[in-house]
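Visitor: If you're matching positions, the sequence shown starts at 20 in the numbering used here and goes up one per residue.
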Amino acid sequence: MKQILIINGPNLNLLGKREPEIYGSQSFDDFFKSLQARYPDLQLSYFQSNHEGALLDKIHSAGFSADAIILNAGAYSHTSIALADAIAAIPAPVVEVHISNVFKRESYRHHSYLSAHCVGCIVGLGLDGYRLALEWVLGRKG
Ligand code: DQA
Numbered sequence: 020m021k022q023i024l025i026i027n028g029p030n031l032n033l034l035g036k037r038e039p040e041i042y043g044s045q046s047f048d049d050f051f052k053s054l055q056a057r058y059p060d061l062q063l064s065y066f067q068s069n070h071e072g073a074l075l076d077k078i079h080s081a082g083f084s085a086d087a088i089i090l091n092a093g094a095y096s097h098t099s100i101a102l103a104d105a106i107a108a109i110p111a112p113v114v115e116v117h118i119s120n121v122f123k124r125e126s127y128r129h130h131s132y133l134s135a136h137c138v139g140c141i142v143g144l145g146l147d148g149y150r151l152a153l154e155w156v157l158g159r160k161g
């Protein structure tokens with residue numbers, strides 16, 4: 020059974036309430052329940068934190084055992100060399116997801132410190148980006 024962890028960073032606990040014109044109106048908890056129902060054979064877990072250190076600790080603790088991590092680090096994507104180093108340090112492949120199309124938005128969102136260390140990036144496809152990342156993990160050998 021594949022072990023996959025979804026990690027969301029700062030402000031993503033507010034999905035459903037936060038700027039719904041950008042991020043949609045579904046809460047992540049509801050979305051996550053629908054993912055679990057859709058993929059009952061996966062060991063799928065979810066972690067969210069607004070704290071950079073807690074995200075680092077989670078990547079360290081899961082990154083040597085999980086089959087993959089799907090990560091939306093929110094604004095830390097654009098600022099955190101520490102998160103980039105954590106992704107580089109672990110063997111688990113990390114898929115970077117952004118709900119919104121960051122390239123259509125402010126220029127400070129156009130660069131991610133994380134992307135170069137991730138196996139791939141899904142940007143601008145809404146919450147469906149997490150599901151597409153999951154499909155990639157499932158189709159992957161190993
Ligand atoms: C985001 C994009 C980031 O620029 C922003 O800071 C977020 C969410 C996204 O999913 O579109 O918090 O990562």
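Quick reminder that beta carbons are idealized off the backbone N, C-alpha and C, glycines included.
Tell whether a beta-carbon distance below 8 Å holds between L74 and L63.
Guide: No, these two residues do not count as a Cβ contact at 8 Å.
Visitor: Using three-state DSSP, classify S119 as helix, strand or coil.
Guide: Three-state DSSP puts S119 in coil, outside helix and strand.
Visitor: Buried or exposed: E115, going by 16 or more other Cβ atoms within 10 Å of its Cβ?
Guide: It counts as buried.
Visitor: Nearer than 7 Å: is that true of the beta carbon of I118 relative to any heavy atom of the ligand DQA?
Guide: Within the cutoff, so yes.
Visitor: Identify the residues that DSSP records as bridge partners of G63: which are they?
Guide: Note that residue 63 corresponds to Leu in the displayed sequence, not to Gly. Answer is I23.
Visitor: List the residues that DSSP assigns as beta-bridge partners of L1.
Guide: As displayed, the chain neither begins before 20 nor continues past 161, which places residue 1 out of reach and without an answer.
Visitor: So I109 and I26 are in contact, right, with Cβ under 8 Å, and what is the actual spacing, rounded?
Guide: Contact doesn't hold; Cβ gap of about 12 Å is too wide.
Visitor: Which residue marks the beginning of the alpha helix (DSSP H) containing I78, and which one marks its end?
Guide: I78 -> alpha helix (DSSP H) spans E71 to A81.
Visitor: Consult DSSP for G158 and reduce its assignment to one of helix, strand or coil.
Guide: In this structure, G158 counts as helix in the three-state DSSP scheme.
Visitor: For H130 versus V113, is the C-beta distance shorter than 8 Å?
Guide: No, these two residues do not count as a Cβ contact at 8 Å.
Visitor: For R128, I'd like the list of residues in its chain whose CB is within less than 7 Å of its CB, leaving aside the five on either flank, ordered along the chain.
Guide: Excluding positions up to five away in sequence, the list reads H97 and V121.
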